[in-house]
Structures are given as structure tokens and as C-alpha cells.
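Q: Sharing a structure, written as C-alpha cells. Questions coming.
Right, here's the structure in full:
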């Protein structure tokens, strides 16, 4: 078992002995781990408030119209490059 303090003053304890602590991983490895954990969460298991559901419904309802108003990223970047050369 190993212990390590986090920057937040918490003590991280590895009770499993199965592998490195998250603090021992590189930044890229920690980001990958976060992604794996995030992907493992079933969206239906995360409760939303009524306000969150209403906001998601509002965004979905306006999605098609909002897309028409947007600009392609390539177009935006080309314009910025012309402007700031």
C-alpha cells in the first residue's frame, strides 16, 4: 500500500496494490484514464435536474436553426489568417 498527498491536501491511498496511483501517471495517461472512466458511465444513470432537462430540450429544439447560422471552422481560420498576417 502506498500513500501520496494531492495538491488539494487530500491523501491518496492505493489499497489494491494493483497498479500505479493516478498521481504516478503522466498527464496523457491521466487524461486517457479520465476518458475511460467517463465513457464507462451510463448516461441514463446520471440524474438531471428539471432545469438541465429543459435546457437540453431547448438546445435540441434549436439545433438545426443554430447550425445554419454558424460558419465552417476552416472558413473562420482562413479569415483570421488573412486578417492578422
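Residue numbers (this note's numbering): 1 to 85.
Quick reminder that beta carbons are idealized off the backbone N, C-alpha and C, glycines included.
Quick caveat: nothing in here was measured; it's all calculated off a predicted structure.
Where does residue 72 fall in DSSP's three states?
A: Indexing the chain shown from 1 puts residue 72 at position 72. If DSSP states are grouped into helix, strand and coil, residue 72 belongs with coil.
Q: Can the beta-carbon of residue 22 be found less than 8 Å from the beta-carbon of residue 30?
A: To locate residue 22, count along the chain shown from 1; it is residue 22. To locate residue 30, count along the chain shown from 1; it is residue 30. Taking 8 Å as the Cβ cut-off, residue 22 and residue 30 qualify as a contacting pair.
Q: First and last residue of the alpha helix (DSSP H) that includes residue 32?
A: Here residue 32 corresponds to residue number 32 of the chain shown, with the count starting at 1. Note, residue 32: alpha helix (DSSP H), 27-40.
Q: If you draw a straight line from the alpha carbon of residue 68 to that of residue 24, how long is it in whole angstroms?
A: Taking the first residue of the chain shown as position 1, residue 68 is located at position 68. Taking the first residue of the chain shown as position 1, residue 24 is located at position 24. Roughly 46 Å separates the two Cα atoms.
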